[in-house]
Ligand SMILES: NC(=O)c1ccc[n+]([C@@H]2O[C@H](COP(=O)([O-])OP(=O)(O)OC[C@H]3O[C@@H](n4cnc5c(N)ncnc54)[C@H](OP(=O)(O)O)[C@@H]3O)[C@@H](O)[C@H]2O)c1
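In our numbering, the protein residues as written are 16 to 374.
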């Protein structure tokens, strides 16, 4: 069975050049299902380095909603697979091609490729983000998906339909991506209305939102009850009846109507996620009332080449170094507790980034 995993991902017995041990621990999905479908296996072969790659010894792996969609089959992947797509650690081995680009053993790096819930990951040099001094590896790892997503959401996905000084509505600012997004929207000069649940209001209040709409939690859960406050009425009151030129929404099913109804004329609904479930189909004619725009973007399309990836990362790392962004790492689970990490995220309990710490 393990050979199947090796074959699927092109990982083969270690080459003599890679002197990092012969087995590595990884959290693997062999059959899609609930969080317990993610099982830790302690005897994987180390990846063999290929031309252009480095081997990273991971210290952290980010846990993201997309990992749960892969695990349960909502976004299908070939089985079996090692979970995760966000990692941070120290370069442990370097190919000649990567060395020629100046990458050295011992460099701290963060990156996004499949298979980060593991002690070692083979990563193309073109995907590496060198972590600058003064930025912790935990924060740098948190930046790769949520930080870069927040960057493209507040910089590019709105297609410049919102200008500095105009209103932006951001849902779930107590959560991971939108804690970053609220702060970056302010850095871009937008006026921000954030929504969050009562339990996350303490964090949300630190983000600099011009207006915070605090909602009750769904009974028995840790996430917002979007019907507990008339958000659209409050948005219209705050914006003096104009609505928001951009709405950034990673909640999905529970908020789609609120988002569209909160738009200003020629505003844009940026629907980037489904924390509460997939957005149901709706007729395009629904947009005619305000000649509104809708986009359903993804990070990959906003980091299309190395130049774009590095530009976004440098701007985010720069803000971090200057103290302009506060990033909260909420919980770190040991990789051995892989299922618990997914359960925590899916319960909507996270107040920021959730990571695995990897020995
Ligand atoms: N398109 C892209 O490029 C991209 C990139 C990254 C993430 N995403 C997607 O965006 C969504 C949010 O990701 P994230 O990383 O920000 O997640 P996160 O850190 O867990 O934040 C999501 C927030 O959603 C809220 N929520 C509302 N209803 C929920 C429910 N039924 N279950 C769980 N949480 C609920 C929770 O906050 P409250 O307590 O305040 O309600 C939670 O903190 C996910 O669907 C993810 O896949 C998309």
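By construction, the Cβ of each residue, glycine as well, lies at the ideal position given by its N, Cα and C atoms.
For residue i versus residue j, is the C-beta distance shorter than 9 Å?
i: residue 313; j: residue 345; result: no
i: residue 67; j: residue 110; result: yes
i: residue 348; j: residue 324; result: no
i: residue 70; j: residue 62; result: yes
i: residue 308; j: residue 283; result: yes
i: residue 335; j: residue 47; result: no
i: residue 290; j: residue 190; result: yes
i: residue 258; j: residue 236; result: no
i: residue 208; j: residue 230; result: no
i: residue 350; j: residue 40; result: yes
i: residue 239; j: residue 187; result: yes
i: residue 143; j: residue 118; result: yes
i: residue 216; j: residue 192; result: no
i: residue 224; j: residue 185; result: yes
i: residue 353; j: residue 132; result: yes
i: residue 253; j: residue 232; result: no
i: residue 198; j: residue 329; result: no
i: residue 306; j: residue 194; result: no
i: residue 206; j: residue 181; result: yes
i: residue 360; j: residue 64; result: no
i: residue 44; j: residue 85; result: yes
i: residue 112; j: residue 137; result: no
i: residue 158; j: residue 331; result: yes
i: residue 267; j: residue 294; result: yes
i: residue 7; j: residue 364; result: With the chain covering only 16 through 374, there is no way to say anything about residue 7.
i: residue 163; j: residue 318; result: yes
Which class does residue i belong to by DSSP, given the choice of helix, strand or coil?
i: residue 218; result: helix
i: residue 45; result: coil
i: residue 226; result: strand
i: residue 174; result: coil
i: residue 184; result: strand
i: residue 374; result: coil
i: residue 16; result: Reliability of the predicted coordinates at residue 16 is poor, the pLDDT of 34 falling under 50, and the value obtained from them is presented with this limitation in mind. Three-state DSSP puts residue 16 in coil, outside helix and strand.
i: residue 164; result: helix
i: residue 375; result: Nothing can be reported for residue 375, as the shown portion of the chain is limited to 16 through 374.
i: residue 68; result: strand
i: residue 15; result: An answer regarding residue 15 cannot be provided, because it is not within the stretch 16 to 374 covered by the chain.
i: residue 328; result: helix
i: residue 63; result: coil
i: residue 362; result: coil
i: residue 192; result: helix
i: residue 367; result: coil
i: residue 157; result: helix
i: residue 209; result: strand
i: residue 203; result: coil
i: residue 320; result: coil
i: residue 314; result: helix
i: residue 21; result: Note that residue 21 scores 38 on pLDDT, short of 50, meaning its location in the model is unreliable; the coordinates nonetheless yield the value given after this. Here residue 21 sits in helix by DSSP.
Any beta carbon of chain C sitting closer than 9 Å to that of residue i?
i: residue 78; result: The chain inventory of the structure shown lacks chain C, comprising one protein chain alone.
| query | Unbroken alpha helix (DSSP H) runs of length 4 or more, entirely within the region 230-311: which are they? | reply | Listed in chain order, the complete alpha helix (DSSP H) runs (minimum 4 residues) inside the region 230-311 are 246-253 and 271-276.
| field | Sequence ranges, beta strand (DSSP E) only - wholly within the region 88-147, length at least 3 | value | Segments of the beta strand (DSSP E) lying fully in the region 88-147: 102-109, 123-126 and 135-139.
| field | Any 3 or more C-beta pairs closer than 8 Å across the region 97-115 and the region 74-87 | value | The region 97-115, when compared against the region 74-87, does touch it at the 8 Å Cβ threshold.
| request: Flag this pair as touching only if the region 256-264 and the region 276-293 have three or more C-beta atom pairs under 8 Å; answer yes or no. | output: The answer is yes - the region 276-293 touches the region 256-264, with three or more Cβ pairs under 8 Å.
| said: I'd like to know if the region 84-99 and the region 171-191 are in contact, where contact means that at least 3 CB-CB pairs between them fall below 8 Å. | reply: A contact between stretches requires three or more CB pairs, one per stretch, nearer than 8 Å, and the region 84-99 fails this requirement with the region 171-191.
| Entirely enclosed beta strand (DSSP E) segments - the region 332-356, minimum 3 residues | The region 332-356 contains these whole beta strand (DSSP E) runs: 344-349.
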